[in-house]
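Scroll down for the structure; my scribbles are underneath it.
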Amino acid sequence: MSDGKISLTGLNDEQSEELHRNLIQGTQFFGMIAALAHLLAYIYSPWLK
137 MSDGKISLTG
147 LNDEQSEELH
157 RNLIQGTQFF
167 GMIAALAHLL
177 AYIYSPWLK
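Residue numbers (the working numbering): 137 to 185.
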């Protein structure tokens, strides 16, 4: 696919790499928000104690 052909998804290499980067960044952002939410929930209502 390095010769500029379009894949079955309709994306070229540059577009698919950009989509992948955005997906990874979104997943990392969601994970950080979830970790923060769990930490705050633990601080304000400690469970397992």
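All C-beta atoms, glycine included, are put in the ideal place defined by N, C-alpha and C. This structure is a prediction, so every number in the text was calculated from the model and none was measured.
Alpha carbon of residue i to alpha carbon of residue j, nearest angstrom
{"i": "L172", "j": "K141", "result": "42 Å"}
{"i": "I160", "j": "Y178", "result": "27 Å"}
{"i": "M168", "j": "L175", "result": "10 Å"}
{"i": "H156", "j": "A170", "result": "21 Å"}
{"i": "E241", "j": "L147", "result": "Nothing can be reported for residue 241: it is not among the residues displayed for the chain, which extend from 137 to 185."}
{"i": "D149", "j": "N158", "result": "14 Å"}
Coarse secondary structure for residue i, derived from DSSP in three states
{"i": "L147", "result": "coil"}
{"i": "S152", "result": "helix"}
{"i": "I142", "result": "coil"}
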